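Going letter by letter, the sequence shown gives residues 152 to 430 in this note's numbering. Quick reminder that beta carbons are idealized off the backbone N, C-alpha and C, glycines included. Just so we're clear, the structure is a prediction, and the values are computed from it rather than from any experiment.
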Amino acid sequence: MNSEKKQIAIVAANFAHVFPSQILKLIDIKAKEAGYTLLQYSTSGMEDRENQLLKRILEKEQPSALILVCLNPYKGILLDFKLAEIPVVIIDEIVDGFTTVTTDNFSGGYIAGEYLAKKGKKNIAVISGRLNLEGGYNARQRYEGFLKAIKENKINYSEKNLYEIVSYSYNEGIEVMEKMIKENKIPDAIFCAAGDMAALGVIKVAREHNIKIPEQLSIIGYDDVEQAKSAKPPLTTIRQPIEQMASAAFLYAVNEGKNILNNPKKITFKAELVERSTA
Numbered sequence: 152m153n154s155e156k157k158q159i160a161i162v163a164a165n166f167a168h169v170f171p172s173q174i175l176k177l178i179d180i181k182a183k184e185a186g187y188t189l190l191q192y193s194t195s196g197m198e199d200r201e202n203q204l205l206k207r208i209l210e211k212e213q214p215s216a217l218i219l220v221c222l223n224p225y226k227g228i229l230l231d232f233k234l235a236e237i238p239v240v241i242i243d244e245i246v247d248g249f250t251t252v253t254t255d256n257f258s259g260g261y262i263a264g265e266y267l268a269k270k271g272k273k274n275i276a277v278i279s280g281r282l283n284l285e286g287g288y289n290a291r292q293r294y295e296g297f298l299k300a301i302k303e304n305k306i307n308y309s310e311k312n313l314y315e316i317v318s319y320s321y322n323e324g325i326e327v328m329e330k331m332i333k334e335n336k337i338p339d340a341i342f343c344a345a346g347d348m349a350a351l352g353v354i355k356v357a358r359e360h361n362i363k364i365p366e367q368l369s370i371i372g373y374d375d376v377e378q379a380k381s382a383k384p385p386l387t388t389i390r391q392p393i394e395q396m397a398s399a400a401f402l403y404a405v406n407e408g409k410n411i412l413n414n415p416k417k418i419t420f421k422a423e424l425v426e427r428s429t430a
């Protein structure tokens, strides 16, 4: 571990997205308090750029630690960091042999599915991240948890009601809801497993078309970002404890860096339902 530079590299697909940006802000506070400089890098959502970028960070910067947010790069490059004795912590993805900080995504999906089922919803759509992407661990876990819940509650579900998006963004939520309306396929509930920002996009379009929330359309988000509370109506969501996740990632990257090089940890936080006004 290169402790002389006191630099931490943090990498995400896009820090313009709310979840990574909140993680970045919290880790930056921790870093400054501890006298570390935070080096921020974005892959711009391009998978082929991940490995090139990480290789450059390793060769040019030799940081004290590396934190990845929602990324699952080629394992070989991560092993190169390990050989250089640079600890790696991965937030919201799982890579065997490396320290990870996640929420119980399966449980989060299950809680959302069960909640909607108990509310009497029968025609439920899911807006998800890409399920077949190599780094789509959290998306798959949330979807599988949701499927288990609705199966247990004997709800018929068609994969025609699955909408996969790339960037977990507000605009993608708008696009999906507009597509549902155009095709006259409006469900009675939507689980936005791809995050609160997509859910807020759905809410915007639903309100523009005078669809009553939650009477005609229930919506559950995922993450509990700051904007969820101030949404109109306030968003019911599955909370990821973002502050705790950021703190744990920093702790293991810096304070426990030497230990996790050979003894990686798997830190999993509990997912919680936050009941507001959309479901």
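Do you know whose CA, among the options, lies nearest residue i's CA?
i, options, result
"residue 428", "354, 385, 233", "385"
"residue 201", "165, 215, 177", "165"
"residue 378", "157, 349, 398", "349"
"residue 423", "233, 359, 390", "390"
"residue 297", "207, 228, 275, 247", "275"
"residue 232", "242, 222, 208", "208"
"residue 188", "218, 204, 205, 203", "218"
"residue 299", "193, 263, 206", "263"
"residue 331", "303, 360, 398", "360"
Quick check: the Cα distance between residue i and residue j, rounded to an integer number of angstroms?
i, j, result
"residue 346", "residue 235", "35 Å"
"residue 413", "residue 159", "19 Å"
"residue 230", "residue 408", "15 Å"
"residue 171", "residue 318", "12 Å"
"residue 337", "residue 307", "16 Å"
"residue 154", "residue 255", "Residue placement at residue 154 cannot be trusted, given a pLDDT of 49 that sits under 50; the coordinates are not used to answer."
"residue 173", "residue 311", "33 Å"
"residue 394", "residue 375", "11 Å"
"residue 288", "residue 240", "16 Å"
"residue 281", "residue 327", "14 Å"
"residue 290", "residue 225", "19 Å"
"residue 253", "residue 396", "7 Å"
"residue 380", "residue 366", "19 Å"
"residue 320", "residue 169", "9 Å"
"residue 402", "residue 249", "15 Å"
"residue 329", "residue 211", "46 Å"
"residue 228", "residue 203", "9 Å"
"residue 333", "residue 425", "31 Å"
"residue 322", "residue 410", "42 Å"
"residue 251", "residue 388", "23 Å"
"residue 193", "residue 237", "19 Å"
"residue 244", "residue 316", "17 Å"
"residue 223", "residue 284", "10 Å"
"residue 351", "residue 358", "11 Å"
"residue 431", "residue 392", "Not covered by the structure: residue 431. The range shown for the chain is 152 to 430."
"residue 398", "residue 335", "45 Å"
"residue 415", "residue 309", "39 Å"
"residue 205", "residue 419", "25 Å"
"residue 303", "residue 167", "38 Å"
"residue 295", "residue 362", "28 Å"
Do residue i and residue j have their CB atoms nearer than 9 Å?
i, j, result
"residue 353", "residue 341", "yes"
"residue 430", "residue 314", "no"
"residue 258", "residue 417", "no"
"residue 191", "residue 175", "yes"
"residue 293", "residue 260", "yes"
"residue 213", "residue 156", "yes"
Which whole-angstrom value describes the C-beta separation of residue i and residue j, a residue pair presumed to lie in contact below a C-beta threshold of 8 Å?
i, j, result
"residue 278", "residue 343", "5 Å"
"residue 216", "residue 405", "6 Å"
"residue 272", "residue 179", "With 8 Å as the limit, residue 272 and residue 179 do not qualify as a contact, their Cβ atoms being about 40 Å apart."
"residue 382", "residue 242", "Not quite, the Cβ-Cβ distance comes to about 24 Å (not below 8 Å), so this is no contact."
"residue 246", "residue 161", "About 16 Å; that fails the 8 Å criterion."
Note to self: So, does the stretch 195 to 211 touch the stretch 171 to 186, judging by three or more C-beta pairs under 8 Å?
What the structure shows: Here the stretch 195 to 211 does not lie against the stretch 171 to 186, with fewer than 3 beta-carbon pairs under 8 Å apart.
Check: Contact between the stretch 355 to 374 and the stretch 264 to 278: three or more CB pairs below 8 Å?
Finding: A contact exists between the stretch 355 to 374 and the stretch 264 to 278.
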